[in-house]
Amino acid sequence: MLILTRKDGESIKIEGNIEIKVIQTLKNGVKIGIEAPKNVMILRSELMNEIANSNLKASLANKNSLNELSKKFQK
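Laid out in structure tokens, this is it:
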């Protein structure tokens, strides 16, 4: 892991086309801005973890619960 110190208004570049800029340092965190090409997906890690957990739960659904859900949509 690369660890850098940046001040408000300073930034870092990744591969020349992604810029991460410190917008504001706060008492309990840092506000950052990210500029990247549209094809680069940017997600907060807690959101990625939530999606992964949701996908895992969905993959563990049993056949009975899927049949019950299917019946509700048939009404």
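For the sequence shown, my numbering assigns the number 1 to the initial residue and increments by one for each residue that follows. Cβ atoms here follow ideal geometry from the backbone N, Cα and C, with glycine treated the same way. This one's a predicted model, so the numbers in the text were calculated from it and none came from an experiment.
In the three-state reduction of the DSSP assignment, E10 falls in the coil class, being assigned neither a helical nor a strand state.
Listed in chain order, the non-local C-beta contacts of K13 below 7 Å within the same chain comprise E19, local neighbours out to five positions each way being set aside. Assigned with DSSP and collapsed to three states, L43 falls in coil, not helix or strand. Within the DSSP secondary-structure output, K21 pairs in a beta bridge with S11, G33.
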